[in-house]
Structure formats: C-alpha cells, structure tokens
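Here the structure is laid out as structure tokens; the discussion comes afterwards.
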Amino acid sequence: MLLLLEHAGYFDTMEKALRVLFEDGYHGFVCFDSMILEGGDIVPIVEINARKSMGLINAYLDKGWETYGHSGLLTFLSLGLPEGFTFGSLLDALHVSGLLFKGQGEYGIMPISSNTVMVNDILTSRRISEGIQSHRGMPKGRLYISVVGRDDEHRNELIISLRQVLADLSIKVYN
46 MLLLLEHAGY FDTMEKALRV LFEDGYHGFV CFDSMILEGG DIVPIVEINA RKSMGLINAY
106 LDKGWETYGH SGLLTFLSLG LPEGFTFGSL LDALHVSGLL FKGQGEYGIM PISSNTVMVN
166 DILTSRRISE GIQSHRGMPK GRLYISVVGR DDEHRNELII SLRQVLADLS IKVYN
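Numbered by my numbering, the letters in the sequence shown go through residues 46 to 220 in order.
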C-alpha cells in the first residue's frame, strides 16, 4: 500500500498541502480525508478537517493497549435510530451484554464517538420544536468504535455480538 501511495505522489501532495497550511499560519491538528477508487485512482484530498482524526485517536489507544498485547480495529457503523434512543441506553446495553471494553487486559467494544451518533436526532428534534420540520423519520448517525480483541477472528465475533445488541435496541445498521 505504501508503494502505491508513493508512486502516485500521495506523500508529495500531502507535504505541499501541509506547507500551505503552515505558511498560512495554521498550527494544530489536521486530518486529510483521502480515497482510493475502485479503479485504483487515488484522490489525495477529499476534505481537510482541523481536528484529530479517528485513526490518530485509535493509534493512541493502541499504543496504550500495547502493554497488554492488545490492539484495536477502528471501524464505524452507520445507524438508523429508533424514537426515544439515547446514547446512554447503548452504553448500558453494551455493559449488560459484557461487550463494553473495560480496560487493562480486557476485550470488547470501545465507543470513541457519541455526537456522530446523535447529531441528526438532536437536529431533527430542534427542527420539529421550531416548526421547521413536521415529522421525525429515522435519524441516522455514525458510531465509531475500536474493537479490542485477541485477533481478527475474535474482533469479528465481537462485531457480530455488537450487531445483535443494536438489533435488540431496534437500531438499524446500514453497513
């Protein structure tokens, strides 16, 4: 993968973009969203965000878990939320099912986002209360997680269990 990116000039493009940001006076974290298309073409810059990336957050988490011989799989699930859903109910269900990652030598699911799950539900509620929108529909959200397991097979088992917990909460999973 690194050779593919190198041959495509990806790293040169990133260096130029970072130089422009620096010359314009930007100092801080930055996240570049990029894509590799099905045909193999590379789109080096789809979006630039002035924040830490989820990948960087996961890398920091993995560094902490390295002590225990663990690593996480960063992934996300696109969700459709039922009426009355709260992020706390998801955390409670993960805890009760034994899936919630508890740290130090344990395995499980570590949610690393909450606003990305709830933002559309919050906006919909606000629009309804302001009279801008008349019906709720099924708000969508994105749950970013780090799946901490013994190996790939174990991480896949944890994701399957997570999908069942979500189904039990009447949450639709789109991916």
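Glycine is no exception: its CB is placed at the ideal position from the N, C-alpha and C atoms.
Going by C-alpha distance, which of the options is nearest residue i?
i, options, result
"I81", "M46, S191, L122", "M46"
"D78", "S159, F146, Q149, G100", "G100"
"G109", "H199, L203, E198, V193", "V193"
"G133", "N160, E151, D69", "N160"
"R181", "D57, V88, T120, E128", "E128"
"R208", "I154, S116, M59, A95", "I154"
"T58", "V91, A138, D69, L126", "V91"
"G84", "E68, L49, E175", "L49"
"A138", "N94, D69, E60, D213", "D213"
Mind checking who residue i pairs with in its DSSP beta bridge?
i, result
"N94", "C76"
"K185", "G125"
"K217", "G125"
"S191", "L119, M155"
"V65", "None; V65 has no bridge partner."
"I87", "I81"
Which residues in the same chain as residue i place their Cβ atom closer than 8 Å to its Cβ, once the five residues preceding and following it in sequence are excluded?
i, result
"L124", "V162, K185, G186, R187, L188, L211, I216, K217, V218, Y219"
"N103", "G117, L119, I157, S191"
For residue i, I'd like the list of residues in its chain whose CB is within less than 6 Å of its CB, leaving aside the five on either flank, ordered along the chain.
i, result
"S158", "Y189"
"K97", "F74"
Since residue i and residue j should fall inside the 8 Å C-beta cutoff, what is the C-beta to C-beta distance between them, to a whole number of angstroms?
i, j, result
"Y105", "Q149", "So it is not a contact: roughly 16 Å between Cβ atoms."
"R195", "L118", "R195 to L118, Cβ: 12 Å. No contact."
"L144", "L63", "Wrong, their Cβ atoms sit about 38 Å apart, outside the cutoff."
If I measure Cβ to Cβ from residue i and keep anything under 7 Å in the same chain, skipping five residues before and after, which residues do I get?
i, result
"Y55", "I87, P89"
"L66", "V75"
"L126", "D166, M183, P184, G186, I216"
"K147", "G153"
Suppose only complete runs of 3+ residues qualify. What are the beta strand (DSSP E) ranges in the stretch 108–183, listed by chain order? For the stretch 108–183, whole beta strand (DSSP E) runs of length 3 or above, ordered along the chain, are 116–125, 153–156.
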